[in-house]
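Q:
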Amino acid sequence: MGYVPARPLLHFARGILVRRGWTVREVWWQPPADPATDWEAWVMDQARSALDGVQARHVLLVGKSLGACAAPLAAERGLPAIWLTPLLGREGVVAALRRSQAPTLLVGGTADRSWDGELVRSLAHPYVEIPGAHHGLETDDPVESVEMLKQVTAAMSRFVQEL
Numbered sequence: 420m421g422y423v424p425a426r427p428l429l430h431f432a433r434g435i436l437v438r439r440g441w442t443v444r445e446v447w448w449q450p451p452a453d454p455a456t457d458w459e460a461w462v463m464d465q466a467r468s469a470l471d472g473v474q475a476r477h478v479l480l481v482g483k484s485l486g487a488c489a490a491p492l493a494a495e496r497g498l499p500a501i502w503l504t505p506l507l508g509r510e511g512v513v514a515a516l517r518r519s520q521a522p523t524l525l526v527g528g529t530a531d532r533s534w535d536g537e538l539v540r541s542l543a544h545p546y547v548e549i550p551g552a553h554h555g556l557e558t559d560d561p562v563e564s565v566e567m568l569k570q571v572t573a574a575m576s577r578f579v580q581e582l
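Take 420 as the starting number for the sequence shown in the numbering used here and just add one per residue.
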C-alpha cells in the first residue's frame, strides 16, 4: 500500500492544513498489482476522482512519491502543491513541474535515488533538500529522522502560511 496518509509526513501535512482551517480530503489507495500499469495515468485518475465535486475556494495538493504523478493535474488546474520525494525520473512529473506557475514546494533527500538536487535547483520552485535522507525522508538513526521530520514539517507550515 506504500506511504499511506497516516504516516508521519502526510499526517503532519494534514495537521498543518486542519490547524489553518482547511478541509482535508485524504486519498487512500490500493495500487494495482499489474506491473504493466501506467502509473502516471492511474495516479491522475485517482487525483481527478478526489477533486471531482470539490467546491472549495482554495485547493492544495499534497503527495508523496507516486502521488507526485498528479503534478500534471496541479499544473493544468493552476493548483498549489507540496510534493514530498517526487519521482523526478518520470518525464511527465518533471515537465509538469517546469510548466507549473502555482506555488509548489518540493521536498527530498540526498540519499533518495528519485531525488535530483541539480534538477530541483533548476526549477522555479522552493525546495527543501535533506542531507542523507532516503526516500522515506529518514535515515537509519531514529533521532536524526525525527529532526528531519521536524524540518520538513516546519517548511510545509511556512509554505501553507504563505498561500
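Ideal Cβ placement from N, Cα and C applies to all residues, glycine included. Values in this document were obtained by computation on a predicted structure and should not be read as measured data.
In whole angstroms, give me the CA-to-CA distance for G486 and L525.
A: One-based indexing of the sequence shown puts residue 486 at position 67. One-based indexing of the sequence shown puts residue 525 at position 106. The straight-line gap from Cα to Cα measures roughly 13 Å.
Q: As a quick exercise: from E445, G472, A490, pick the residue whose alpha carbon is nearest that of E510.
A: For the purposes of this step, residue 510 is taken as residue 91 along the sequence shown, with counting starting at 1. Comparing Cα positions, the closest option is A490.
Q: Quick one, are the C-beta atoms of A530 and H553 less than 8 Å apart?
A: Indexing the sequence shown from 1 puts residue 530 at position 111. Indexing the sequence shown from 1 puts residue 553 at position 134. A contact, by the Cβ cut-off of 8 Å.
Q: Throw me the rounded Cβ distance for the W448 and Q465 pair, which I believe falls under 8 Å.
A: Along the sequence shown, read from residue 1 onward, the residue named residue 448 stands at position 29. Along the sequence shown, read from residue 1 onward, the residue named residue 465 stands at position 46. Indeed, because the Cβ distance is near 6 Å, the residues count as touching under 8 Å.
Q: Below 8 Å between beta carbons: does that hold for S541 and G508?
A: The sequence position of residue 541 within the sequence shown is 122, counting from 1. The sequence position of residue 508 within the sequence shown is 89, counting from 1. No, the pair does not count as a contact, with Cβ atoms beyond the cut-off.
Q: Around the C-beta of T504, are 16 or more other C-beta atoms found within 10 angstroms, so that it is buried, or is it exposed?
A: Counted from its first residue, the sequence shown places residue 504 at position 85. T504 comes out buried.
Q: How is V526 classed by DSSP in three states: helix, strand or coil?
A: Here residue 526 refers to the residue found at position 107 of the sequence shown. Here V526 sits in strand by DSSP.
Q: Between which two residues does the alpha helix (DSSP H) harbouring A574 extend?
A: What you label residue 574 is simply residue 155 of the sequence shown in a count that begins at 1. 561-580 is the extent of the alpha helix (DSSP H) around A574.
Q: So for G482, helix, strand or coil by DSSP?
A: Taking the sequence shown and counting its residues from 1, the one referred to as residue 482 is at position 63. Of the three classes helix, strand and coil, the one that applies to G482 here is strand, per DSSP.
Q: Should G482 be labelled buried (16 or more other beta-carbon atoms within 10 Å of its own) or exposed?
A: Indexing the sequence shown from 1 puts residue 482 at position 63. Looking at its Cβ environment, which holds 16 or more other Cβ atoms inside 10 Å, G482 is buried.
Q: Taking the alpha carbon of L428 as the reference point, which residue from K569, D453, L582 has its own alpha carbon closest?
A: Taking the first residue of the sequence shown as 1, we reach residue 428 at position 9. When only C-alpha atoms are compared, the closest one is K569.
Q: Tell me, please, whether the CB atom of E557 is closer than 8 Å to any CB atom in chain C?
A: The structure shown contains no chain C; it holds only a single protein chain.
Q: Output the boundary residues of the beta strand (DSSP E) element that contains L503.
A: Walking along the sequence shown from the start, residue 503 turns up at place 84. L503 -> beta strand (DSSP E) spans 500-503.
Q: To the nearest angstrom, report how far apart F578 and V565 are at their CA atoms.
A: Numbered from 1 along the sequence shown, position 159 holds the residue referred to as residue 578. Numbered from 1 along the sequence shown, position 146 holds the residue referred to as residue 565. Straight-line Cα distance between these residues: approximately 20 Å.
Q: Go through its chain and collect everything with a Cβ distance to R467's Cβ below 7 Å, but skip five positions before and after it.
A: In the sequence shown, the residue the question calls residue 467 occupies position 48. Result list for R467: L492, in chain order.
Q: Around the Cβ of A452, are there at least 16 other Cβ atoms within 10 angstroms (buried) or fewer (exposed)?
A: Here the question's residue 452 lines up with position 33 in the sequence shown. Burial call: exposed.
Q: Nearest by alpha-carbon distance to L582: which of E495, L479, Q520 is it?
A: Position 163 of the sequence shown, counted from the start, is the residue given in the question as residue 582. Selected option, being the one with the closest Cα: L479.
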